[in-house]
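Peer 1: One structure, as structure tokens, below. Some questions next.
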Amino acid sequence: MHEMGLALEILKATRKAAEDRAVGPLEEVQVMVGELSSVEPDLLVYAWEAATKGSPEEGSTLKVLWQPARQNCAACGVVEERAAGTWLRLCPRCDLPLQVVGGDDLTVRTCRYHPPGGQRQESNTAPTSSAAAGSPGSLAARRKHV
Ligand SMILES: [Zn+2]
2 MHEMGLALEI LKATRKAAED RAVGPLEEVQ VMVGELSSVE PDLLVYAWEA
52 ATKGSPEEGS TLKVLWQPAR QNCAACGVVE ERAAGTWLRL CPRCDLPLQV
102 VGGDDLTVRT CRYHPPGGQR QESNTAPTSS AAAGSPGSLA ARRKHV
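Here this note's numbering is used: position 74 in the sequence shown is 75, and no number is missing along the way.
If you want it as structure tokens, here you go:
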């Protein structure tokens, strides 16, 4: 699965971002996903849960910031009209060729970490808690929350 490799890359990036900083466990990572990047947001979130399972990042949230592509016409400016998933490269208003802008991003935008040593108030996310780990019920509940 394409998304699994991406999740592992993102995980690497969050660990790198935490280097040399006094931070606690990862809480949330936000990833920009462009419409044209051929990444399925749902699959990426699922892959993230699989990639972080059993790691210190287990229970952290991967948040997808969806970035639609835009079509620009030299004469009309930004052209909104198009059927979902299709790319007519001619302007529906004046038939000039359209320029597609953006939508191919795939970048880690922000990483949020728990404060160092701040786990006492968050006992349910402590890495030593094995009760919730691996329970399919808790996984489903968390996915709905996203
Ligand atoms: Zn036009």
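Just so it is clear, CB atoms sit at the ideal spot from N, CA and C, and this is done for glycine as well.
Note that the structure is a prediction, hence the values are computed from the model and not measured.
Buried or exposed for residue 49, please, with buried defined as at least 16 other CB atoms from any protein chain shown within 10 angstroms of its CB.
Peer 2: Flag for residue 49 reads buried.
Peer 1: Tell me which residue opens and which closes the alpha helix (DSSP H) that residue 16 is part of.
Peer 2: Its alpha helix (DSSP H) spans residues 3 to 19.
Peer 1: Using alpha carbons as the reference points, say which of 80, 35, 54 lies closest to residue 107.
Peer 2: Answer by Cα proximity: 35.
Peer 1: Tell me the DSSP secondary structure of residue 24 in three-state form.
Peer 2: Here residue 24 sits in coil by DSSP.
Peer 1: Please find out if some non-hydrogen atom of ligand 1 comes closer than 8 Å to the beta-carbon of residue 14.
Peer 2: No, since every heavy atom of ligand 1 falls outside the 8 Å radius drawn around the Cβ of residue 14.
Peer 1: Look at residue 53 and residue 12 and say whether their C-beta atoms are less than 9 Å apart.
Peer 2: A contact, by the Cβ cut-off of 9 Å.
Peer 1: Comparing the CB of residue 80 with every heavy atom of ligand 1, is any distance shorter than 8 Å?
Peer 2: Indeed, a heavy atom of ligand 1 lies less than 8 Å from the Cβ.
Peer 1: Alpha carbon to alpha carbon, what distance is there between residue 105 and residue 37?
Peer 2: Between residue 37 and residue 105, the C-alpha separation is close to 5 Å.
Peer 1: Measuring CA to CA, which of 95, 67, 23, 28 is closest to residue 57?
Peer 2: Out of 95, 67, 23, 28, 28 has the C-alpha closest to the C-alpha of residue 57.
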